[in-house]
Each structure stands twice: as C-alpha cells, then as structure tokens.
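According to this note's numbering, the sequence shown is numbered sequentially starting from 1.
For each residue, glycine too, the CB sits at the ideal point set by N, CA and C.
Report on the following structure.
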Amino acid sequence: MNTEINKELIFNHFAGRATAIQKQMIEEWVTEPANREQYFLWLQEWEQHNWQYVPDVEKGMERHWNRINNPEYDGREPGIDYCSEEGEIARPNLFKKIYWLVAASFLITLWAGGWVFRDRIRYETFTTGYGETRRIDLADGSKVVLNSNSSLSVPRFGFGRQTREVLLNGEADFDIRHTADHQRFIVKTYKSLEVEVLGTEFNVYARPRGTKVVLNKGKVQLHYQEGESLRQLTMKPGDLVTMDSQGRANLQKTENPRKFSAWKAHRFVFEKTSLREVCYLFEDNFGVRVQIPDTSLAELTISGSFTALNAEELLGILTEDSGLNYEKSEDGKTIVLSY
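Below, the structure written as structure tokens:
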C-alpha cells in the first residue's frame, strides 16, 4: 500500500482540493481491491459529515412556470433587494445564467450516475466464470463457495453488525456462522425467494430455469411468493425444495444432501439423471450448449459419480461409459450427442 495515501488526502480529494498528481496517485491506489474497500468506507464517513446541497424543487418549479406564463417575469422574489452597489437595479447577467445552467446540468448528471451505479457502491460483488469455483470468507466468519457462472453481492457497510443479507445469482454452498445475538442470515435470489438462516450449512441453486435449496445441517426458513400469496416453509436436514415456474414449492427428502454440493470438489453426482438435465449442467457450469436431436436419447438416464475439471473431461467420461458419440462445433461452444 502506498503510505502517502491516507484519510486526510482522500477527504481533500472528495472536497475537490487534491492536486493533479494526488488525483493520479489515488486513481492508481484505488485499483487494488483492498484499497477500494477502504476508499468506500472513507467516502461513507466523509458524506456523513458533509451534507450536499438539497435544492428547493417546489420553489424552482414555481419560478419555472412563472417564466413560461409571464414573459416579463425576471425571476426576482418579492421582498428581496436586488439593487447593485451603485444603487442601480441589477440587470440579468447572461453569463451567470449560462453558468448556473451548466452547473445544474453537471449536478443532474452526477446524481444520475450515482443512482445508476448505487449498487456498486452499496455492494461488493464476487463473480465466477464458466468452469470456475471461488471460496469467499465473509466478515462475520461465514464461508461461501461460489459455483461456476454465479455471483454473490455482499453489503460493503454494516455487514455483520446491521445486516447479514446477501444477493445470489447462480449457485453457492453456504456455511453460516452463528452469532451471539442470534442475528439472521438471509440469502436473496432474483426470483423473490429468501432463505433465512440462524446457523447452518446449505446449498442454493438459483438460475433462470429453476430454483433449488438443499439443507445439510441446521434449520432454514424459506420465504417465497406463490402467485399473489406470500408463503413460508421451514426446512430440516435432508430436505430438498425445488421451485417451479409458478413459484410453487415441492418438498422432498434426500438421503445424501451433500451430493448436491459435490461440485466444490469438481465432482458430479448423477442418480437416474436424464441426459436433458445433464445438458443443462454443461450450459450452466461450462457455457457449452449440448444438443440431442433424438428425443428418445434425451430421456435416457445416467447414474454415477464423476470427477472432471472441465467440460471436455466430463463429456469424455460420460460418452465413453455410455457408448455415445459427440461432435463439436468449430468454436467449441456447441456439442451434438448421438448414438
């Protein structure tokens, strides 16, 4: 870390008093993830002590409509002396009007940019590419393993103190640390499903084609919307809940819940799994589209546990054991299975 970068310098930067060299130093310093986190913490502290100007929108709109309805209106408020130092009535200054228009446009643009990127400020997002897994240690001591093609957003400020809510898109395995004050841990998904936890181990699959929650240890409560109704369901160890496209929850029992998180060790477990479902796995985890022109072939099932580091390895193992053939497209992103 560059020792010349400190809170005082960053605060001067926020106040617009940093030199060109200091700005360049800060831009280079903030490229490091750890420094970026500190930057946002100092930004939050500075904003709490430096409130920005809040315009009187109602009064501004009143002056705007007065100008439209009365061409002679010059924007002066009654009861205010607009005389110049020489005693003459001050005349409108075109330069000042242009200046304030430019300033207003800048503030609106700045506000709009802050609104668009507000989630980047509020959350730190961890992502994985196809064929990649990632282990994440959260500030409260909880541990998460993120599966391929997934993202997890964690609040930058107050996590573990004010809230323990995270946003998941994709698939992840959670090992949640219990807190002394019994603070809830909530996993939110884009399909309005919330997994509420006190202290437990579970796996959440939340992708466009479906949602699935498997509980290994402890207890969780699901909050979800079925049609117009809000519902909740309490899960026990060994429970598997799948959600259909209408938001209905289907509760089942599984003898080996840990097999659903075997992907953490690059192991894929199939129990009478159709080839069509296996195709979905290739698309979700590796970004490879597998086509099966023969519908009867797509209904065939596979059972077994297979270890593979990438799509090529897994495909080779599956086809070799089943006697199937496959052809790859030139770009390698599409595979056709056949007898």
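Check	Outcome
Per-residue DSSP class, three states only, for E283	helix
Rounded C-alpha distance that separates P155 from N285	26 angstroms
Backbone CA spacing between D175 and D140 [nearest angstrom]	11 angstroms
Assigned secondary structure, G304 (DSSP; H/G/I helix, E/B strand, else coil)	strand
Segment limits, alpha helix (DSSP H) that includes F295	Looking at the sequence provided, one finds Thr at residue 295 rather than Phe. Here the alpha helix (DSSP H) through T295 covers 295-298.
Extent of the continuous beta strand (DSSP E) run through E327	325-328
Y39 in three-state terms, based on DSSP	helix
Backbone secondary structure at F126 - three-state DSSP	strand
Helix, strand or coil at D239 [DSSP, three-state]	strand
The region 149-167 contacting the region 122-129, beta-carbon criterion three pairs below 8 angstroms	yes
CA nearest to the CA of P208, picked from Q252, K191, V195	K191
Neighbourhood of S150 by C-beta distance below 8 angstroms, restricted to the same chain and skipping five residues each side	T127, T128, L168, N169, G170, E171, A172
Assigned secondary structure, Q22 (DSSP; H/G/I helix, E/B strand, else coil)	helix
Status (buried if at least 16 other CB within 10 Å, exposed otherwise) for Y205	buried
Inter-residue Cα distance where the pair is Y339 and G323	7 angstroms
Residue from V288, E277, E283 whose Cα sits closest to the Cα of E299	E277
Straight-line Cα distance separating E226 from D244	10 angstroms
Identity of the residue in L275, K188, W263, Y224 nearest R248 by Cα	Y224
H266 and L315 closer than 8 angstroms at C-beta	no
Neighbour-count burial assignment, S142, 16 or more Cβ in a 10 Å radius	buried
Whole-angstrom distance between E4 and T200, CA atom to CA atom	43 angstroms
Cβ pair I186, E165 closer than 8 angstroms	yes
Beta-carbon separation (whole angstroms), T189 vs T211, contact threshold 8 angstroms	6 angstroms
I176 - DSSP class collapsed to helix/strand/coil	coil
Pairwise C-alpha distance: L337 and D294	9 angstroms
E196 versus E228 - alpha carbon distance	21 angstroms
Cβ neighbours of H13 in the same chain (closer than 6 angstroms, five flanking residues each side left out)	I26
A18 to I10 span [Cα, whole Å]	8 angstroms
Run of the alpha helix (DSSP H) containing S338, from where it starts to where it stops	Premise fails: S338 lies in the beta strand (DSSP E), 334-338, not in any alpha helix (DSSP H).
Three-state secondary structure assigned by DSSP to T340	The first residue shown for the chain is 1 and the last is 339, placing residue 340 beyond what the model contains.
Anticipated Cβ contact below 8 angstroms, T254 with V214, distance rounded	7 angstroms
Environment of N147 [buried if 16+ CB atoms lie within 10 Å]	buried
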